[in-house]
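Q: Here's a structure for you.
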Amino acid sequence: MDIIASYGTLLIIIAAAVGFFMAYGIGANDVANAMGTSVGSKALTIKQAIIIAMIFEFAGAYLAGGEVTSTIRKGIIDATPFMDIPELMVLGMISALFAAGTWLLLASMLGWPVSTTHSIIGAIIGFALVAVGSEAIQWGKVAGIVGSWIVTPAISGFIAYLIFMSAQKLIFDTDKPLENAKRFVPVYMGLAGFVMSLVTIKKGLKHIGVNLGTVEGYALAIGIAVLVGFIGKMAINRLKIDPNADKQMHFNNVEKVFAILMVLTACCMAFAHGSNDVANAIGPLAAVVNIVEHNGEIAKKAALAWWILPLGGLGIVVGLAVLGKKVIKTIGEGITHLTPSRGFAAELAAASTVVIASGTGLPISTTQTLVGAVLGVGMARGIAALNMGVIRNIVVSWVITLPVGAALAIVIFYILRSAFGV
Amino acid sequence: MPSNAFLGVFAKSPIKPIEEHIKIVHQASETLIPFFNHAFKGEWTEADALRVQIRNLEREADTLKREVRLHLPRGLFMPVERTDLLELITHQDKIANKAKDIAGRVIGRDLEIPESIQADFLAYLTRCVDATKQASEAINEFDELLETGFRGREVALVEKMLVELDAIEEDTDEMQIRIRKGLRNIESELNPIDVMFLYKIIEWVGELADIAERVGSRLELMLAR
Numbered sequence: 011m012d013i014i015a016s017y018g019t020l021l022i023i024i025a026a027a028v029g030f031f032m033a034y035g036i037g038a039n040d041v042a043n044a045m046g047t048s049v050g051s052k053a054l055t056i057k058q059a060i061i062i063a064m065i066f067e068f069a070g071a072y073l074a075g076g077e078v079t080s081t082i083r084k085g086i087i088d089a090t091p092f093m094d095i096p097e098l099m100v101l102g103m104i105s106a107l108f109a110a111g112t113w114l115l116l117a118s119m120l121g122w123p124v125s126t127t128h129s130i131i132g133a134i135i136g137f138a139l140v141a142v143g144s145e146a147i148q149w150g151k152v153a154g155i156v157g158s159w160i161v162t163p164a165i166s167g168f169i170a171y172l173i174f175m176s177a178q179k180l181i182f183d184t185d186k187p188l189e190n191a192k193r194f195v196p197v198y199m200g201l202a203g204f205v206m207s208l209v210t211i212k213k214g215l216k217h218i219g220v221n222l223g224t225v226e227g228y229a230l231a232i233g234i235a236v237l238v239g240f241i242g243k244m245a246i247n248r249l250k251i252d253p254n255a256d257k258q259m260h261f262n263n264v265e266k267v268f269a270i271l272m273v274l275t276a277c278c279m280a281f282a283h284g285s286n287d288v289a290n291a292i293g294p295l296a297a298v299v300n301i302v303e304h305n306g307e308i309a310k311k312a313a314l315a316w317w318i319l320p321l322g323g324l325g326i327v328v329g330l331a332v333l334g335k336k337v338i339k340t341i342g343e344g345i346t347h348l349t350p351s352r353g354f355a356a357e358l359a360a361a362s363t364v365v366i367a368s369g370t371g372l373p374i375s376t377t378q379t380l381v382g383a384v385l386g387v388g389m390a391r392g393i394a395a396l397n398m399g400v401i402r403n404i405v406v407s408w409v410i411t412l413p414v415g416a417a418l419a420i421v422i423f424y425i426l427r428s429a430f431g432v
Numbered sequence: 003m004p005s006n007a008f009l010g011v012f013a014k015s016p017i018k019p020i021e022e023h024i025k026i027v028h029q030a031s032e033t034l035i036p037f038f039n040h041a042f043k044g045e046w047t048e049a050d051a052l053r054v055q056i057r058n059l060e061r062e063a064d065t066l067k068r069e070v071r072l073h074l075p076r077g078l079f080m081p082v083e084r085t086d087l088l089e090l091i092t093h094q095d096k097i098a099n100k101a102k103d104i105a106g107r108v109i110g111r112d113l114e115i116p117e118s119i120q121a122d123f124l125a126y127l128t129r130c131v132d133a134t135k136q137a138s139e140a141i142n143e144f145d146e147l148l149e150t151g152f153r154g155r156e157v158a159l160v161e162k163m164l165v166e167l168d169a170i171e172e173d174t175d176e177m178q179i180r181i182r183k184g185l186r187n188i189e190s191e192l193n194p195i196d197v198m199f200l201y202k203i204i205e206w207v208g209e210l211a212d213i214a215e216r217v218g219s220r221l222e223l224m225l226a227r
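See below:
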């Protein structure tokens, strides 16, 4: 108890710093995944991708980022055993953030694909194990997370497959692909706008104090969707169509239409990523702030301090601006025959899955959904080459991230404990 | 920071290099037309310059073929079978090899083609080059095929192109019979060894079309899966 009383401000500052560090790592590494397909298919330049990512990551974090936070904070470990020893909870959350951030940066430097979400979950499990023992961990929830390694890619893969096949049926496999692209692409745009605005309205707006009823929410979402589709149609009409590009199917021109759509899905993806992954950085931070502000009392339900979400969003944006450029740049070259239409199917599916999962509070990894979505488009025979070996490695990394995050958190936790003399 | 591992998911696609390869291969076979035009007139220095050009194209094709083979690692998830792609590019490459052999053999002997069959020979050669061109065009639909997931309208389009390729190849067979007959009528007046070589060259030119057809049937097999 003394610790929290005497070092309260210091603890909050430390937690904020490591939370920012974690968010920085997320921005620097994960965002490249999120923006990768857009840059790879040449729908966006790197500069455009970074600007879009900055705006929408922040918006996603701020408008729709609140829901997952509570899952990480309360879902993985049971707070009850910590009631008498809140200082351990505080130190533990700090070490979890530090461990996850370290692992994230280390892995990125070594080029390993790790899930930020799983690093933080592993780290939280780790410190809880040594702080109070295995009974504090809600193993059922952990099993759910392990299950999400299969379920999430499956869902996003399925959605991606459906989107890709519908584009095939409606646009590519028709007599006049170009005309059909002009007709249907605004519909896809509206769909993307709908998913994004619906989740923002239903889950996010209450964090900034706006509450809308179900009917109003849906009406507004549909309204935004129609507006987005309309703007998209205007953008498409301004497109220069080159009649000589290819004689038979006009696919080059069709891809130009899809490239416009790709800009929108890139926004979606950044938004979804922000809404889901910012929680990784701020969840534990929010827990620390809560405990300190209530003088060691672990509240069952507590409001998020106003500055926490913006801090996480800012961390992601700064990380992206400073380090993200390099990572995104590597994407432009070397990527497969990835056209806007394929990239779009993968991205919209991944974004929808993340946004939906973010809405239901399941802490899923953006990497997982993207891998799943890319596989889905591949299954529809839409992507020329996928490297199954790498996919296998990524799946392995999902599994090892949990124990590594846990081990790191345990080490840091012991160091912090001796430093504060608990 | 090293390249992101997630991006490693996207392997380098061999589709573009395969399209590029057949374009070069077709160029090599196409160059045989000006080559023979010079050979007809006995302009051997100009012809040799074109032979060098064909050889260079063949080498370029070889490099590209090797690259495709190297960049096609196991564990790639492709809309087409990996072995099919490897076989396709092997067959494609044979067109360039054949073109190089023809030019080399003609230059090596300063082989004169008798005037009475020159017109027929040129028509025959042009038709064979048509076949490689048709094959090249069909292969160049590859990325469009991919776009449609090897289904529907685009498949029908490519199949039509392949039927056309078959027709061209049949044409060349008939032309070959005619030109052999033409050569037989005058063979007593010519150097017997030259005649042997001429028969060989005629056969090889015909093989250009044969191989082109084989490339087409490889593509057809992929469509059938």
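So the sequences go chain by chain: A and B. Count along the first sequence from 1, then add 10; that gives the number in our numbering. Count along the second sequence from 1, then add 2; that gives the number in our numbering. Where is the CB? At the ideal position from N, CA and C, for every residue including glycine. The structure displayed is predicted, hence computed values, not measured ones.
Please compile the residues from chain B whose C-beta is within a distance smaller than 8 Å of the C-beta of GLY35(A).
A: Within the first sequence, the letter at position 25 stands for residue 35(A). Those do not exist, as GLY35(A) stays about 11 Å from chain B at its closest Cβ, beyond 8 Å.
Q: Measuring alpha carbon to alpha carbon, tell me which of ALA44(A), LEU418(A), ILE246(A), ARG402(A) ends up nearest ILE160(A).
A: The sequence position of residue 160(A) within the first sequence is 150, counting from 1. Considering only alpha carbons, the answer is ARG402(A).
Q: From the DSSP output, read off the bridge partner residues of LEU396(A).
A: Residue mapping note: residue 396(A) aligns to position 386 of the first sequence, counting from 1. According to DSSP, LEU396(A) bridges with PHE12(B), PHE79(B).
Q: Run the CB neighbour count on ILE104(A), radius 10 Å, all protein chains shown included, and call it buried at 16 or more, exposed below.
A: For the purposes of this step, residue 104(A) is taken as the residue at position 94 of the first sequence. With 16 or more other Cβ atoms within 10 Å, it is buried.
Q: What separation, rounded to the nearest whole angstrom, lies between the Cα atoms of ASN263(A) and GLN378(A)?
A: In the first sequence, residue 263(A) corresponds to position 253, counting from 1. In the first sequence, residue 378(A) corresponds to position 368, counting from 1. Rounded to whole angstroms, ASN263(A) to GLN378(A) spans 32 Å at the Cα level.
Q: Just to make sure I have the definition right: I need the residues of chain C whose C-beta is within less than 9 Å of the C-beta of ASP168(B). Which are they?
A: No chain C appears in the structure shown, which is made up of the protein chains A and B.
Q: If we count the other Cβ atoms within 10 Å of its Cβ and call it buried at 16 or more, is SER31(B) buried or exposed?
A: Translated into positions along the second sequence, residue 31(B) becomes position 29. Flag for SER31(B) reads buried.
Q: Beta carbons nearer than 9 Å to chain B: which residues of the segment 394-406 of chain A have them?
A: Within the segment 394-406 of chain A, the residues whose Cβ lies closer than 9 Å to some Cβ of chain B are ALA394, ALA395, LEU396, ASN397, MET398, GLY399, VAL400, ILE401, ARG402, ASN403, ILE404, listed in chain order.
Q: Alpha carbon to alpha carbon, how far is LEU380(A) from SER158(A)? Give it in angstroms, no decimals.
A: What you label residue 158(A) is simply residue 148 of the first sequence in a count that begins at 1. What you label residue 380(A) is simply residue 370 of the first sequence in a count that begins at 1. Near 13 Å, if we compare the C-alpha coordinates of LEU380(A) and SER158(A).
Q: Does HIS283(A) get closer than 9 Å to chain B when you measure Cβ to Cβ?
A: Translated into the one-based positions of the first sequence, residue 283(A) becomes position 273. By this cut-off, HIS283(A) is not an interface position.
Q: Of all the options ILE410(A), LYS339(A), ALA146(A), which has the alpha carbon lying nearest to the alpha carbon of ILE87(A)?
A: Here residue 87(A) refers to the residue found at position 77 of the first sequence. Measuring from the Cα of ILE87(A), the nearest candidate turns out to be ALA146(A).
Q: Using CA atoms only, rank isn't needed, just tell me which of GLU189(B), PHE123(B), TRP206(B), GLY110(B) is closest to ARG180(B).
A: Residue mapping note: residue 180(B) aligns to position 178 of the second sequence, counting from 1. Out of GLU189(B), PHE123(B), TRP206(B), GLY110(B), PHE123(B) has the C-alpha closest to the C-alpha of ARG180(B).
Q: Kindly indicate which three-state DSSP category ILE374(A) falls into: helix, strand or coil?
A: Mapped onto the first sequence, residue 374(A) falls at position 364. ILE374(A) falls in the coil class under three-state DSSP.
Q: Of all the CB atoms in chain B, is at least one closer than 9 Å to the CB of VAL183(A)?
A: To locate residue 183(A), count along the first sequence from 1; it is residue 173. A small fix is needed here, since residue 183(A) is Asp in this sequence, not Val. At least one chain B Cβ lies under 9 Å of ASP183(A).
Q: So, with DSSP's three-state summary, where would you put ILE87(A)?
A: Start at 1 with the first residue of the first sequence, and residue 87(A) comes out as number 77. Correct three-state label for ILE87(A): strand.
Q: For PHE144(B), collect the residues of the same chain with a Cβ closer than 7 Å to its Cβ; drop the 5 residues on either side in sequence, then sort them by chain order.
A: Within the second sequence, numbered from 1, the residue matching residue 144(B) stands at position 142. Closer than 7 Å at Cβ, skipping near neighbours: ILE17, ILE20, GLU21.
Q: May I ask you to report which of helix, strand or coil DSSP gives ILE147(A)?
A: Mapped onto the first sequence, residue 147(A) falls at position 137. ILE147(A): strand per DSSP, three-state reduction.
Q: My parser needs the alpha helix (DSSP H) runs of 4 or more residues fully inside the segment 106-152 of chain B; what are they?
A: 117-141, 144-149
Q: Does the count of Cβ pairs from the segment 112-130 of chain A and the segment 53-63 of chain A closer than 8 Å reach three?
A: no
Q: If you measure from the beta carbon of ILE345(A) to each beta carbon in chain B, is any gap under 9 Å?
A: Start at 1 with the first residue of the first sequence, and residue 345(A) comes out as number 335. Interface criterion met: the Cβ of ILE345(A) is under 9 Å from a Cβ in chain B.
Q: Counting contacts by CB-CB distance shorter than 9 Å, is VAL365(A) in contact with chain B?
A: The count along the first sequence starts at 1 and reaches residue 365(A) at position 355. Judged by the 9 Å Cβ criterion, VAL365(A) is not in contact with chain B.
Q: Taking the C-alpha atoms as reference points, what is the distance between PRO163(A) and VAL236(A)?
A: Taking the first residue of the first sequence as position 1, residue 163(A) is located at position 153. Taking the first residue of the first sequence as position 1, residue 236(A) is located at position 226. Cα to Cα, PRO163(A) sits roughly 29 Å from VAL236(A).
Q: Over the uninterrupted alpha helix (DSSP H) stretch that includes ILE170(B), give me the two end residues.
A: Within the second sequence, numbered from 1, the residue matching residue 170(B) stands at position 168. Start and end: 154-188.
Q: Let me see if you follow: with CB-CB separation under 9 Å, is GLY151(B) close to chain A or not?
A: As a first step, residue 151(B) is located in the second sequence; it is residue number 149 there, counting from the start. Answer yes: the Cβ-Cβ gap between GLY151(B) and chain A drops below 9 Å somewhere.
Q: Would you verify that the beta carbon of ILE17(B) is, or is not, closer than 9 Å to some beta carbon of chain A?
A: Working through the second sequence from its first residue, we reach residue 17(B) at position 15. Closer than 9 Å to some Cβ of chain A, the Cβ of ILE17(B) qualifies, so yes.
Q: Are the CB atoms of ALA53(A) and GLY284(A) within a distance shorter than 9 Å?
A: Within the first sequence, numbered from 1, the residue matching residue 284(A) stands at position 274. Within the first sequence, numbered from 1, the residue matching residue 53(A) stands at position 43. Result no, Cβ atoms of GLY284(A) and ALA53(A) do not sit closer than 9 Å.
Q: I believe VAL11(B) touches VAL384(A) by the beta-carbon criterion, under 8 Å. Please report the beta-carbon distance rounded to the nearest angstrom.
A: Looking up residue 11(B) in the second sequence gives position 9. Looking up residue 384(A) in the first sequence gives position 374. That belief holds up - the Cβ atoms of VAL11(B) and VAL384(A) are roughly 6 Å apart, short of 8 Å.
Q: Taking its Cβ as the centre, do 16 or more other Cβ atoms sit within 10 Å of MET119(A), making it buried, or is it exposed?
A: The count along the first sequence starts at 1 and reaches residue 119(A) at position 109. Exposed, because fewer than 16 other Cβ atoms sit within 10 Å of the Cβ of MET119(A).
Q: So LEU90(B) and ARG84(B) are supposed to be a Cβ contact under 8 Å. How far apart are they, rounded?
A: What you label residue 90(B) is simply residue 88 of the second sequence in a count that begins at 1. What you label residue 84(B) is simply residue 82 of the second sequence in a count that begins at 1. Actually they are not in contact, since the Cβ atoms of LEU90(B) and ARG84(B) sit about 11 Å apart, beyond 8 Å.
Q: I need the straight-line Cα distance from ALA419(A) to PRO91(A), nearest angstrom please.
A: Along the first sequence, one-based indexing puts residue 419(A) at 409. Along the first sequence, one-based indexing puts residue 91(A) at 81. So the alpha carbons of these two residues sit roughly 19 Å apart.
Q: Nearest CA to the CA of ILE13(A): which residue from ALA177(A), VAL400(A), GLU97(A)?
A: Locating residue 13(A) in the first sequence gives position 3, counting from the first residue. For ILE13(A), the closest C-alpha among the options ALA177(A), VAL400(A), GLU97(A) is that of GLU97(A).
Q: Thinking C-beta only, is GLY227(A) closer than 9 Å to VAL197(A)?
A: Taking the first residue of the first sequence as 1, we reach residue 197(A) at position 187. Taking the first residue of the first sequence as 1, we reach residue 227(A) at position 217. It is not a contact, given that the beta carbons lie outside the stated cut-off.
Q: Can at least three beta-carbon pairs, one atom from the segment 50-68 of chain B and one from the segment 115-129 of chain B, be found at a separation below 8 Å?
A: With the cut-off at 8 Å, the segment 50-68 of chain B and the segment 115-129 of chain B do not touch.
Q: Determine, for GLY200(A), whether the minimum Cβ-Cβ distance to residues of chain B falls below 9 Å.
A: The sequence position of residue 200(A) within the first sequence is 190, counting from 1. Under the Cβ distance rule, GLY200(A) does not count among the residues neighbouring chain B, no pair being separated by less than 9 Å.
Q: Answer yes or no: does any C-beta atom of chain B fall closer than 9 Å to that of VAL381(A)?
A: Indexing the first sequence from 1 puts residue 381(A) at position 371. It does; some Cβ of chain B falls within 9 Å.
Q: Determine whether the beta carbon atoms of ALA44(A) and ILE173(A) lie at a separation below 9 Å.
A: By one-based count along the first sequence, residue 44(A) stands at place 34. By one-based count along the first sequence, residue 173(A) stands at place 163. Going by C-beta atoms, ALA44(A) is not nearer than 9 Å to ILE173(A).
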